[in-house]
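**Student:**
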Amino acid sequence: MTTPWSPTDFSAKVIEYYHAHGRKHLPWQGTQDPYKIWLSEIMLQQTQVTTVIPYFERFIESFPTVTDLAQATDDQVMQHWSGLGYYSRARNLHKAAQIIETEFSGVFPQDPETIETLPGIGRSTAGAIASFAFGQPTAILDGNVKRVLARSYAIEGWPGNGKVLKALWQRAETNTPQQETAAYNQAMMDLGAIVCTRSKPDCPDCPLSKHCLAYNSNSIEQYPGKKPKKARPSKSVYWLINIRQEKVLLHKRPPSGIWGGLWALPEVQQKEMSPDQIQQLDPFVHKFSHYDLQVQPLLLSSNADKALVEKNSHPSIMEPAQADWFSLNQLNEIGLPTPVSKLLVKLLEDS
DNA sequence: AACTCGTGGGG
DNA sequence: TCCCCAAGAGT
Numbered sequence: 001m002t003t004p005w006s007p008t009d010f011s012a013k014v015i016e017y018y019h020a021h022g023r024k025h026l027p028w029q030g031t032q033d034p035y036k037i038w039l040s041e042i043m044l045q046q047t048q049v050t051t052v053i054p055y056f057e058r059f060i061e062s063f064p065t066v067t068d069l070a071q072a073t074d075d076q077v078m079q080h081w082s083g084l085g086y087y088s089r090a091r092n093l094h095k096a097a098q099i100i101e102t103e104f105s106g107v108f109p110q111d112p113e114t115i116e117t118l119p120g121i122g123r124s125t126a127g128a129i130a131s132f133a134f135g136q137p138t139a140i141l142d143g144n145v146k147r148v149l150a151r152s153y154a155i156e157g158w159p160g161n162g163k164v165l166k167a168l169w170q171r172a173e174t175n176t177p178q179q180e181t182a183a184y185n186q187a188m189m190d191l192g193a194i195v196c197t198r199s200k201p202d203c204p205d206c207p208l209s210k211h212c213l214a215y216n217s218n219s220i221e222q223y224p225g226k227k228p229k230k231a232r233p234s235k236s237v238y239w240l241i242n243i244r245q246e247k248v249l250l251h252k253r254p255p256s257g258i259w260g261g262l263w264a265l266p267e268v269q270q271k272e273m274s275p276d277q278i279q280q281l282d283p284f285v286h287k288f289s290h291y292d293l294q295v296q297p298l299l300l301s302s303n304a305d306k307a308l309v310e311k312n313s314h315p316s317i318m319e320p321a322q323a324d325w326f327s328l329n330q331l332n333e334i335g336l337p338t339p340v341s342k343l344l345v346k347l348l349e350d351s
């Protein structure tokens, strides 16, 4: 019977791993600038490191400080997030930058409770910023830490479950050391990303294997518990492609809902145009994590009734979407959903 | 508590 | 190809 790690021995092993093998040269490391650390933490939410790196570099180049970000337009910010997904992150980031400017005189708050009041920053992200930027002894609990803790202490159940999450936070708080917290937090994520991976973990080389309850009971695969799977629904829509004088008509999507704040092709559920006014392009399926979107792109001929298009493009009369015409160059200055961007690029290549 | 919110990597 | 899920947060 294996005895579990004591919190002090656990954190000592983890910190030792940081000095020997931890990641220290990612683009947002080697600085204590809270703005850069904050930006990286937001981009890294549910997004892999290799995906984030080029977005982070471009973003910092265009908006080097929180003041630059606060003063940027919505479209500028969304353009820099285009393709990264979870666009509420970008809208909340922009809002938070303006709050920091107006309510905190441009100075990033240091205590975790205040940091967590900013939009888009939850408990774990607040803990990460407070420890990395300000050296505070705050705990984090991202996917990596959840996996390492669930295995080390054989914490059963899916982390999305409230009780399981509470148990994981309890263990995270207990094990987070008061000293060298930043090194500990970074190393926990490094262990999860490099050694304690979700498939084929490298237990023989893990500094925590000696007292890892899952490893020593040969039940690594049971931890963390898996998310219950559900059927993915499917939606069908038409996208209207209306090109006049080298410009394409786009609509700005409302702030809430899918692709909020991005410019997309006008979308309708049914087509009410006569067949001679439209050309059906190749249909395709865009797969989200929670549903499939079946898209039938419709290329409108130049004599199609524009008024009809406009009418169909506004599902709600109460809240008409913002619409505008964009030239090819202007498409680089706004946020576009990935499938819209791909479709337009393909269309322009063919013509 | 359960659901929503993107996209891409890797098995 | 299909499926899981990533440095989670908001509602």
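Under full-length UniProt numbering, the first sequence has 326 at position 326, and the numbering climbs by one with no breaks. Quick reminder that beta carbons are idealized off the backbone N, C-alpha and C, glycines included.
Hey, how far is the Cα of S105 from the Cα of A97?
**Tutor:** Cα to Cα, the separation comes out at about 11 Å.
**Student:** Give the straight-line distance between the Cα atoms of Q32 and P337, rounded to the nearest whole angstrom.
**Tutor:** Their Cα atoms are separated by approximately 33 Å.
**Student:** Can you look up residue 382 in the DSSP assignment and give me helix, strand or coil?
**Tutor:** Outside the shown range of the chain, which is 1 to 351, sits residue 382, and nothing can be said about it.
**Student:** Taking a contact to mean a Cβ-Cβ separation below 8 Å, would you say R91 touches P255 in this structure?
**Tutor:** Yes, they are a contact pair.
**Student:** Hey, how far is the Cα of F59 from the Cα of S40?
**Tutor:** Approximately 10 Å between the Cα atoms of the pair.
**Student:** Quick check on DSSP: helix, strand or coil for L39?
**Tutor:** DSSP places L39 in helix when its eight states are reduced to three.
**Student:** I need the DSSP call for residue 353, collapsed to helix, strand or coil.
**Tutor:** The question about residue 353 has no answer here: the residues shown for the chain are numbered 1 through 351.
**Student:** Can you check which of these residues, L331, R232, L191, Y223, is closest to E16 by C-alpha distance?
**Tutor:** Among L331, R232, L191, Y223, the Cα nearest to that of E16 belongs to L191.
**Student:** List the whole-angstrom C-beta distance separating P7 from T181, where the pair is believed to meet the contact cut-off of C-beta under 8 Å.
**Tutor:** With a Cβ gap of about 13 Å, P7 and T181 do not count as contacting.
**Student:** I need the boundaries of the alpha helix (DSSP H) containing Q71, first residue and last residue.
**Tutor:** Its alpha helix (DSSP H) spans residues 66 to 71.
**Student:** Enumerated in chain order, which unbroken segments of the alpha helix (DSSP H) with a length of 4 residues or greater are wholly contained in the UniProt domain "HhH-GPD" (43 to 194)?
**Tutor:** The UniProt domain "HhH-GPD" (43 to 194) contains these whole alpha helix (DSSP H) runs: 49 to 62, 66 to 71, 74 to 81, 88 to 103, 112 to 115, 123 to 134, 143 to 152, 162 to 175, 181 to 190.
**Student:** Does P315 come out as helix, strand or coil in the three-state DSSP assignment?
**Tutor:** Because P315 carries a pLDDT of 41, less than 50, the predicted location of this residue cannot be relied on, and the following value inherits that uncertainty. Coil at P315, not helix or strand.
**Student:** Should F56 go down as buried or exposed, given a rule of 16 or more other Cβ atoms within 10 Å for buried?
**Tutor:** F56 should be labelled buried.
**Student:** Once the 5 residues before and after W138 are set aside, which same chain residues still bring their CB inside 6 Å of it?
**Tutor:** According to the sequence displayed, residue 138 carries Thr and not Trp. Closer than 6 Å at Cβ, skipping near neighbours: P112, G127, A130, S131.
**Student:** Taking the continuous alpha helix (DSSP H) assigned at Y215, which residues delimit it?
**Tutor:** 213 to 216 is the extent of the alpha helix (DSSP H) around Y215.
**Student:** Mind pulling the beta strand (DSSP E) runs of 3 or more residues that sit fully within the region 251 to 303?
**Tutor:** Within the region 251 to 303, the complete beta strand (DSSP E) runs of at least 3 residues are 278 to 280, 284 to 287, 292 to 300.
**Student:** Where does S6 sit, in a helix, a strand or coil, going by DSSP?
**Tutor:** Reduced to three states, the DSSP call for S6 is coil.
**Student:** What separation, rounded to the nearest whole angstrom, lies between the Cα atoms of H25 and G160?
**Tutor:** Straight-line Cα distance between these residues: approximately 31 Å.
**Student:** R147: buried (16+ other C-beta within 10 angstroms of its C-beta) or exposed?
**Tutor:** It counts as buried.
**Student:** Mapping DSSP to helix, strand and coil, what is K13?
**Tutor:** Three-state DSSP puts K13 in a helix.
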